[in-house]
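Undergrad: To start, I am sharing the structure in question, which I have written as structure tokens.
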Amino acid sequence: MPSTTRSLAIGGAILGNLVDGYGVVAVAFIGKAIERVWNLDPAMLGLVFASGPAGMMLGSLVISPFADRFGRRKVTLASLLLVALGMFGAAAAANVTQLLAMLLLTGLGIGGVLATLNTVVAEIAPPDRRNTVMAIFSAGYPLGSTLAGGLAIGLMMTHGWQIVFLLGGALALLVFLVNLFTLPEPAARENGAAGPRPPATMRAQLFGETQRGNTIAICLAFFLNMISFYFILLWTARLTVSLAVPEQVGATAMTIVNIGSLIGPLLFGLLADRLGLVRIASVYFLAFSLAIALFAGTTDALWTIYAASALVGLVMAGAMTSLYASTPLLFPAEVRAAGTGLAIGIGRLGATAGPILAGLALQFGAGRSGLYLLFAIPPLLVAFILLSGRIRPAVTLKPREA
């Protein structure tokens, strides 16, 4: 593939990941507003926060296998249109039930976008710089999250919470148009041209004797990581306000988390290309666990909130990037999108569970500090999985030709 074509394709993929970050985090920034307007209790707010990840789980599990059968490009473009439709629908929601439905639809599209683009970028990236390229791709997520936070802080007071979703829908349409012209359909896979595969064959390849360990380990790692990742992403702004600080402090804290998340993946990519992916991933997950625990000690002194936000953002996005970079290496080409979608889909189950569990815990009287200490445990378990050698690359990717 010519370098210009590859660069344009990766650029379009980064924008697709930006839509993912925007779509997931937008609801976190409007949480306090809809809680007030619709008089929501913490448990219902947790359900609202979880609806997007629930849709992403379905999208990753249901939509991504079609990319192996009918092409990455077609599935990505169709998924971006679903995101736009869901965002515009969320802006028009008149009650919490309608909002839940539209966030679910948005998540469905995002799940399809992320699984397919993650696979495409891994397949077309130069082997000697793959971790760095995957890190740059992953930086699109916090870029989108930061954009959502900036718009929420700047426009919600004058235009209402709906403006965040209206602009998100417009962004998804714009990224659809960009990828319409930049996203290639990679050539036949290393092991032959792609075509429809019987479900039994797909299951056999994902859970056969040689592949079963990788599949289970990466799915478990995604599940555990996303429990804590989405707890931080969706509840931090709301929990920060519980420290009796102004509402803008919560939004600012989340924006700092996302700025830290821009740096973490890039640093991970540089280190992983030099020192090894699994080794650096283990360090990141240990640091992620520690950073969440430190959040438990924050007070109404703003410097403690902002310092903890910067640290957790720096390490949590790098930890997530390590899983995205590892996953395509674990599956043969003909089931790569399906395997990646399965891992991300199981992860989104954790992303759905995390916000709901946090909401229920608060509803039944759990304290803020105890909640953070509880959610520091899953990343520690992921570090154990990585250090135990359970995840081993099954293939060596070669850059695709157009």
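Residue numbers (numbering that gives the first Met the number 0): 0 to 401.
Beta carbons: idealized from backbone N, C-alpha and C, even for Gly.
In this text the structure is predicted, and so the values were computed from the model without any measurement.
Please classify Gly191 as buried or exposed, where buried requires at least 16 other C-beta atoms within 10 Å of its C-beta.
TA: Residue mapping note: residue 191 aligns to position 192 of the sequence shown, counting from 1. With a pLDDT of 42 at Gly191, under the threshold of 50, the predicted position of this residue should be treated as unreliable, and no value is reported.
Undergrad: Which residue from Ile215, Ala375, Gln161 puts its Cα closest to that of Phe87?
TA: Reading the sequence shown from its first residue, position 88 is the one you call residue 87. Per the Cα distances, Gln161.
Undergrad: Is Trp160 helix, strand or coil when you go by DSSP?
TA: If you number the sequence shown from 1, residue 160 lands on position 161. Residue state, collapsed to three classes: coil.
Undergrad: For the putative contact between Pro354 and Phe230, defined by C-beta atoms under 8 Å, what is the C-beta separation to the nearest angstrom?
TA: As a working mapping, residue 354 is identified with position 355 in the sequence shown. As a working mapping, residue 230 is identified with position 231 in the sequence shown. Right, their Cβ atoms sit about 6 Å apart.
Undergrad: Which of the three DSSP states is assigned to Gln247 in this structure?
TA: Counting from one through the sequence shown, the residue named residue 247 turns up at place 248. Note: Gln247 maps to helix in three-state DSSP.
Undergrad: Please tell me whether Leu386 and Leu223 are closer than 8 Å, where the distance is taken between their beta carbons.
TA: To locate residue 386, count along the sequence shown from 1; it is residue 387. To locate residue 223, count along the sequence shown from 1; it is residue 224. Not closer than 8 Å, so no.
Undergrad: What separation, rounded to the nearest whole angstrom, lies between the Cα atoms of Leu242 and Ser59?
TA: Position 243 of the sequence shown, counted from the first residue, corresponds to residue 242. Position 60 of the sequence shown, counted from the first residue, corresponds to residue 59. Distance between the alpha carbons of Leu242 and Ser59 is about 36 Å.
Undergrad: Along the chain, where does the alpha helix (DSSP H) containing Arg389 start, and where does it finish?
TA: Working through the sequence shown from its first residue, we reach residue 389 at position 390. Arg389 -> no alpha helix (DSSP H), and no H or E assigned at all.
Undergrad: Find out if the Cβ-Cβ distance for the pair Ala114, Ile29 is shorter than 8 Å.
TA: The residue you call residue 114 lines up with position 115 of the sequence shown. The residue you call residue 29 lines up with position 30 of the sequence shown. No.
Undergrad: The alpha helix (DSSP H) spanning Asp19 covers which residue range?
TA: One-based indexing of the sequence shown puts residue 19 at position 20. Residues 2-37.
Undergrad: Is it right to say Val132 is buried, meaning 16 or more other beta carbons lie within 10 angstroms of its own, or is it exposed?
TA: As a first step, residue 132 must be located in the sequence shown, where it is residue number 133. So Val132 counts as buried.
Undergrad: Let's test the definition: count the other Cβ atoms within 10 Å of the Cβ of Arg5 and tell me whether it reaches 16, buried, or not, exposed.
TA: In the sequence shown, counting from the first residue as 1, residue 5 sits at position 6. Classification for Arg5: buried.
Undergrad: What residues in its chain sit with their C-beta under 7 Å from that of Ala252, if we drop five residues either side in the sequence?
TA: Walking along the sequence shown from the start, residue 252 turns up at place 253. Excluding positions up to five away in sequence, the list reads Thr235, Ala236, Thr239, Ile304, Tyr305, Ser308.
Undergrad: Grab the span of the alpha helix (DSSP H) containing Ser59 for me, first residue to last.
TA: One-based indexing of the sequence shown puts residue 59 at position 60. In the DSSP assignment, Ser59 falls outside any alpha helix (DSSP H), carrying neither H nor E.
Undergrad: In whole angstroms, give me the CA-to-CA distance for Leu142 and Ser78.
TA: Here residue 142 corresponds to residue number 143 of the sequence shown, with the count starting at 1. Here residue 78 corresponds to residue number 79 of the sequence shown, with the count starting at 1. Distance between the alpha carbons of Leu142 and Ser78: 20 Å.
Undergrad: How many Å lie between Gln362 and Leu370 at the Cα?
TA: In the sequence shown, counting from the first residue as 1, residue 362 sits at position 363. In the sequence shown, counting from the first residue as 1, residue 370 sits at position 371. Rounded to the nearest whole angstrom, the C-alpha separation of Gln362 and Leu370 is 12 Å.
Undergrad: Using a 10 Å radius around the Cβ and a threshold of 16 neighbouring Cβ atoms, would you call Thr105 buried or exposed?
TA: Against the sequence shown, residue 105 aligns to sequence position 106. Thr105 comes out buried.
Undergrad: Going along the chain, which residues of its own chain have a beta-carbon closer than 6 Å to the beta-carbon of Leu176, five neighbours each way excluded?
TA: Within the sequence shown, numbered from 1, the residue matching residue 176 stands at position 177. Here the set comprises nothing.
Undergrad: Give the secondary structure of Arg399 by DSSP, where H, G and I count as helix, E and B as strand, and everything else as coil.
TA: On the sequence shown, residue 399 is found 400 positions in, with the first residue counted as 1. Caution is warranted here: a pLDDT of 49 is assigned to Arg399, below 50, making its placement in the model unreliable, and the coordinate value is therefore given only provisionally. It is coil, neither helix nor strand.
Undergrad: Is Pro141 near the ligand GTP - that is, is its Cβ less than 7 Å away from at least one heavy atom of it?
TA: For the structure depicted, the ligand GTP is absent and the ligand set is empty, with no information on it obtainable.
Undergrad: Among residues of its own chain, excluding the 5 on either side of Gly45, which ones have a beta-carbon nearer than 7 Å to its beta-carbon?
TA: As a position in the sequence shown, residue 45 is number 46, starting the count at 1. Closer than 7 Å at the Cβ level, and outside the excluded window around Gly45, lie Pro354, Ile355, Ala357, Gly358, Leu359.
Undergrad: Could you say which of Pro377, Leu182, Gly168, Ala295 lies nearest to Ala90 if we only look at CA atoms?
TA: To locate residue 90, count along the sequence shown from 1; it is residue 91. In terms of Cα proximity to Ala90, the closest of Pro377, Leu182, Gly168, Ala295 is Gly168.
Undergrad: Can you tell which of Ala53, Gly263, Ala250 has its C-alpha closest to the C-alpha of Thr320?
TA: Start at 1 with the first residue of the sequence shown, and residue 320 comes out as number 321. Taking only the C-alpha atoms, the option nearest Thr320 is Gly263.
Undergrad: Is there contact here, the segment 207-222 with the segment 331-342, by at least three beta-carbon pairs under 8 Å?
TA: The segment 207-222 vs the segment 331-342: in contact.
Undergrad: Buried or exposed: which applies to Ser288, given that a residue is buried once 16 or more other Cβ atoms fall within 10 Å of its Cβ?
TA: On the sequence shown, residue 288 is found 289 positions in, with the first residue counted as 1. The residue is buried, with at least 16 neighbouring Cβ atoms inside 10 Å.
Undergrad: Using the Cβ count rule (16 or more neighbours within 10 Å means buried), how would you classify Gly275?
TA: Taking the sequence shown and counting its residues from 1, one reaches residue 275 at position 276. The residue in question, Gly275, is exposed, as its Cβ has fewer than 16 Cβ neighbours within 10 Å.
Undergrad: Per DSSP, what kind of secondary structure is Thr298 in: helix, strand or coil?
TA: The count along the sequence shown starts at 1 and reaches residue 298 at position 299. Annotated three-state conformation of Thr298 is coil, per DSSP.
Undergrad: Would you report the Cα separation of Arg389 and Leu80, rounded to the nearest angstrom?
TA: Sequence index remark: in the sequence shown, residue 389 carries index 390 (1-based). Sequence index remark: in the sequence shown, residue 80 carries index 81 (1-based). It is roughly 37 Å from the alpha-carbon of Arg389 to the alpha-carbon of Leu80.
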